[in-house]
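Sequential numbering from 371 applies to the sequence shown in this note's numbering. Here a beta-carbon is modelled for each residue, glycine too, at the ideal position from N, C-alpha and C. Structure record follows, encoded as structure tokens.
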Amino acid sequence: MSKEKASENAAIRLSLYLRYLKEMREETRISSEQLAEFLGTSGARVRKDLSYFGQFGTPSKGYRVGKLREGISKALGLDRVWPIALVGVGKLGRVLLNNLAFEKSRFHIQVGFDVNPNKIGKTVAGVKIYHPYQMPKIIRKQKIHIGMITAPAEAAQESADLLVISGIKGIFNFSSAGVVVPSYVKLKNVDFTSQLEVITCYIVNDQRFHLSRGN
Numbered sequence: 371m372s373k374e375k376a377s378e379n380a381a382i383r384l385s386l387y388l389r390y391l392k393e394m395r396e397e398t399r400i401s402s403e404q405l406a407e408f409l410g411t412s413g414a415r416v417r418k419d420l421s422y423f424g425q426f427g428t429p430s431k432g433y434r435v436g437k438l439r440e441g442i443s444k445a446l447g448l449d450r451v452w453p454i455a456l457v458g459v460g461k462l463g464r465v466l467l468n469n470l471a472f473e474k475s476r477f478h479i480q481v482g483f484d485v486n487p488n489k490i491g492k493t494v495a496g497v498k499i500y501h502p503y504q505m506p507k508i509i510r511k512q513k514i515h516i517g518m519i520t521a522p523a524e525a526a527q528e529s530a531d532l533l534v535i536s537g538i539k540g541i542f543n544f545s546s547a548g549v550v551v552p553s554y555v556k557l558k559n560v561d562f563t564s565q566l567e568v569i570t571c572y573i574v575n576d577q578r579f580h581l582s583r584g585n
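Written out as structure tokens, the structure reads:
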């Protein structure tokens, strides 16, 4: 990997490059300009993104699809399986537990935690549910590095604290409450309401733009 630190946007684009490459034959070659056209960016940006994570070929000759696909998969950590700890087995938690996509990908929920005594000790979609006080022991024993919070807002920060204490390195927070974690833990807040508001903002302002043009 390059000594220069890659941005989060570079990692996102890397994932999109991989999706595109999966539709191509392994033995073919692809240029940075072709990848750029797919993503609506520049060839220079593609080459810069790839340079963060190693050498994938000679840009002037194009990249062999199979080798590039393998290299990007490794850079994204997709050469291994990533078990996940879920905190909060409510409606959203159950949806995630029952989501077949996790079974088909490199990511799967391996263990769940909830304070509800009616859920503790039960199995949901093949995943056993434990009390949160058992979190440090179980997460360390099972070598889990990713956590998901689907607990109620009032329990979100405590859930995050327990995940951090347990050695979790990355957290997806689906709670409506913001949480604070140390700088060495990667945090992604997934707020569906906020994302919907972004979409409606675009729609409303696009309509206003067209109306103003018509006046």
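- prompt: Taking contact to mean at least 3 C-beta pairs separated by less than 8 Å, is the segment 378–392 in contact with the segment 440–451?
  reply: Flag = yes, the segment 378–392 and the segment 440–451 touch.
field: Beta-carbon contacts of Q512 that lie in its chain and below 7 Å, excluding the five residues immediately before and after
entry: Cβ within range, chain order: P453, Q480, V481.
query: How many whole angstroms separate the CB atoms of G458 and T520, which I take to be in contact at a CB cut-off of 8 Å?
result: Taking 8 Å as the upper bound for CB-CB distance, G458 and T520 are in contact here, some 4 Å apart.
query: Smallest Cα separation from G447: which of I516, A495, A547?
result: Ranking I516, A495, A547 by Cα distance to G447 puts I516 first.
query: Does any C-beta atom of chain D lie closer than 8 Å to the C-beta of A455?
result: The question asks about chain D, but that chain is absent: this structure has only one protein chain.
Backbone CA spacing between V568 and V560 [nearest angstrom]: Straight-line Cα distance between these residues: approximately 13 Å.
- prompt: Where does the unbroken beta strand (DSSP E) through Y500 begin, and where does it stop?
  reply: For Y500, the enclosing beta strand (DSSP E) starts and ends at 497–500.
query: Whose C-alpha, out of G427, E403, K498, is nearest the C-alpha of A414?
result: Residue nearest to A414 within the set G427, E403, K498 is E403 (criterion: CA-CA distance).
message: Using a Cβ-based criterion (distance less than 7 Å to any ligand heavy atom), does N575 qualify as near the ligand NAP?
response: Absence of the ligand NAP is noted for the structure shown, with no ligands found whatsoever.
task: Could you tell me whether the segment 535–543 touches the segment 483–499, using the rule of 3 or more Cβ pairs below 8 Å?
output: These segments do not touch.
task: Excluding the 5 residues preceding and the 5 following L405 in the sequence, name in chain order all residues of the same chain whose CB lies nearer than 6 Å to its CB.
output: Only Y387, V416 meet the Cβ criterion.
message: Just to check my reading of the structure: G427 and K437 have Cβ atoms closer than 8 Å, yes? What is that Cβ distance to the nearest angstrom?
response: With a Cβ gap of about 6 Å, G427 and K437 count as contacting.
Where the alpha helix (DSSP H) through Q404 begins and ends: Residues 402–409.
- prompt: Should I509 be labelled buried (16 or more other beta-carbon atoms within 10 Å of its own) or exposed?
  reply: It is buried - the Cβ of I509 has at least 16 other Cβ atoms within 10 Å.
- prompt: In the DSSP assignment, what residue or residues form a beta bridge with M518?
  reply: L456, F542.
task: Please classify N486: does DSSP put it in a helix, a strand, or coil?
output: N486: coil per DSSP, three-state reduction.
- prompt: Where E396 and V435 are concerned, what is the direct C-alpha to C-alpha distance, given to the nearest angstrom?
  reply: Taking the CA atoms as reference points, E396 sits about 5 Å from V435.
Nearest-angstrom beta carbon gap, L466 and M505 [assumed within contact, 8 Å]: Between L466 and M505 the Cβ distance is about 17 Å, and since that is not below 8 Å, they are no contact.
task: Starting from the Cα of A523, find the closest Cα among N468, Y572, A547 and give me that residue.
output: From the listed residues N468, Y572, A547, the smallest Cα separation to A523 is found for A547.
query: Rounded to whole angstroms, how far is the Cβ of V549 from the Cβ of Q565, which I believe are closer than 8 Å?
result: The Cβ separation is near 18 Å, so there is no contact.
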